[in-house]
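The structure under discussion appears below in the form of structure tokens.
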Amino acid sequence: MSITEKKGSQLSYTFFVFYTVTILAFIYPAAGASIEPTEIHKGFSATPGHVNSEFQYLLADPTGLFAFGFMRVGPTKLNLAVVHLPSSLPVWSAIPSNLANWGRSTTLSFDGNLVLTDKSIHDGVLWSSNSTGGDFLVLRNTSNLQICSSSNENSTVWQSFDHPSDTLVQGQNFTSMASLTTPDGKYALRIVGTHIGLFMEFGGRHEINYWRHSPFGAKGAIIYGIVQPLGFFGFYNADSSKAELIPFDSFDRGYLGFHRVTIQNDGNLHAYFWDNSKWDLIYTAVTEPCGLPGICGAYGLCMPGKPSCFCMVNGTDGCLQTDSGNFCNKKNRDFSVVRRNGVTVEYTELMPSVRVQSLAECEKICERNCTCWGALFATTMNICYLMDYPIQTVEASGDTHQGYFKLRQQGGGGSRESHRAATAVSVIFTLVFAGLALYGGYWCWDKRRSNLLRLQLAGSSQEMTQRPFKDLRSMDT
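Counting with the numbering used here, you get residues 1491 to 1967 for the letters of the sequence shown.
Structure follows, in structure tokens:
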């Protein structure tokens, strides 16, 4: 083959490859390329489609790594979410008053304020950004969903980074004004003063602080924390100085990928690193599973190491359900007592305590306190740890601790007053019944006596009519 023929063949081959690649690129967009809108403007409105999918795109970031839209929750419900597309994991979700239905009754609209409504639900409005002055909605390549104003140099009037759900992503500030919360609202991560903590919440003032970390360089209250791409959770003071850097397993290894911190459904705090194919676990706050207060449920007993769960008190289906409130109300002050040797919790240092002389003294303190649900007596130190929250999981600990736990009486905790009322009703019923019985007996006796008298009178009348007149006269003498 001549040189000219070879060049012609190479040109033909090059043209063929170029043409083929161009056509395929047109038909199949490159991985990560966004085919969804990158901005949403005023007047936007969307309704969930009929497609049986787990996620319906409404908005994408410029890189195509994140998307915002309708996320299916169960077979028929939905929520708003920002999803990490390679893993299909939500990194932010709205926290509506109720979940919306996946159907025509649900609408997401934007008029400067992003609003989720469902006409089939009484209240209608389920969630709102409560923003004003916004002109367009955009999703940044950090996963931050922002409402911006065009008239003020694209200033941000609202952003999802200020309202986290259960996850923090790298570059997102975490302040004392926010919290990470599990979808069921049961567990939360918060900054409180000079420390960060994990809490189990029961509503009202009842909560368990079961994990706490105090940055050693804190100067007064911590201002904010931030997950850094180098692989650590940094906490900073008001003057921007470092309070502490909590390293992950990925720290100082040259991993510059995407990091996130998530509070799990069991209440533990994990950090993850995306290695372009899966999420690698790189940090765990509570390393002993038995240290999680709800791991075995209410009145549950956790055996460390394995771990395995047992019930201190059996319910209708496994252990008892979590209770609430206290014993201060007259209608629910009655309780029975469960005692267990060799039990404790991992977070006794975070509980209120008092030094006592004996287990009996410890029990008496809790017994007399209507807000106390239980107590743990440390036999070696004579310290009484008080539980001012409904009893959750305790951990087997040998013979170092003894447990005293209140158990609300079945049927909603019948009080002494209700018991007395029931007794009074029973006494009254007995007296009334006895009175009726006496009256009935007297009525029967009186009726029988009347019948006997009538019979006697009838007999006397017969005798009198049969006697001769003279006999009657003789009876008068």
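Don't be surprised by glycine CBs; every beta carbon is placed ideally from N, CA and C.
Everything numeric in this text was worked out from a predicted model, so none of it was measured.
Practice item. Would you kindly check if the distance between the Cβ of ALA1708 and the Cβ of HIS1685 is under 9 Å? Key: yes
Check your understanding: Out of curiosity, what's the CA-to-CA distance linking PHE1741 and GLY1747?
Key -> Cα to Cα, the separation comes out at about 11 Å.
Check your understanding: Over what stretch of residues does the beta strand (DSSP E) that includes LYS1854 continue unbroken?
Key -> No beta strand (DSSP E) contains LYS1854, which is instead part of the alpha helix (DSSP H) from 1849-1858.
Exercise for review: Work out the CA separation of ILE1873 and THR1890 for me, nearest whole Å.
Suggested key: 11 Å
Review point. Excluding sequence positions up to five away, which residues of its chain have a Cβ less than 7 Å from the Cβ of ALA1788?
Key: Here the set comprises CYS1809, LEU1810, GLN1811, THR1812, ASP1813, PRO1880, ILE1881, GLN1882.
**Study point:** Given PHE1626 as reference, the closest of THR1632, GLU1643, VAL1615, GLY1614 once Cα atoms are compared
**Key:** GLU1643
Exercise for review: Would you mind sorting ALA1520 into buried or exposed? The rule is 16 or more other CB atoms within 10 Å of its CB.
Suggested key: Because the pLDDT of ALA1520 is 37, which lies under 50, any placement of that residue in the model is unreliable, and the number read from its coordinates should be weighed accordingly. The residue is exposed, with fewer than 16 neighbouring Cβ atoms inside 10 Å.
Practice item. Please say whether TYR1837 and ARG1680 have beta carbons closer to each other than 9 Å? Key: no
Check your understanding: Would the beta-carbon of CYS1852 fall within 9 Å of that of LYS1896?
Key -> no
Check your understanding: From LEU1548 to ASN1631, what distance separates their C-alpha atoms?
Key -> 15 Å
Point to revise | Collapsed DSSP secondary structure at SER1704 in the structure displayed | key: coil
Check your understanding: Are there 16 or more other CB atoms within 10 angstroms of the CB of THR1566, so buried, or fewer, so exposed?
Key -> Exposed.
**Study point:** Candidates LEU1575, PHE1534, GLN1847, GLY1539: closest to THR1553 by CA position
**Key:** LEU1575
Review point. Hey, out of LYS1676, CYS1638, VAL1563, ARG1898, whose CA is closest to ASN1816's CA?
Key: Check the Cα spacing between ASN1816 and each of LYS1676, CYS1638, VAL1563, ARG1898: the tightest is with ARG1898.
Review point. Taking the continuous beta strand (DSSP E) assigned at CYS1801, which residues delimit it?
Key: 1798-1801
Check your understanding: How about PHE1664 and PRO1673: are their beta carbons less than 9 Å apart?
Key -> no
Practice item. Would you list the residues sitting across from ASN1591 in a DSSP beta bridge? Key: LYS1567
Point to revise | Span of the beta strand (DSSP E), counted from its first residue to its last, around THR1646 | key: 1645-1649
**Study point:** For PRO1737 and PHE1725, believed in contact at Cβ under 8 Å, the rounded distance
**Key:** Not a contact, Cβ separation roughly 12 Å.
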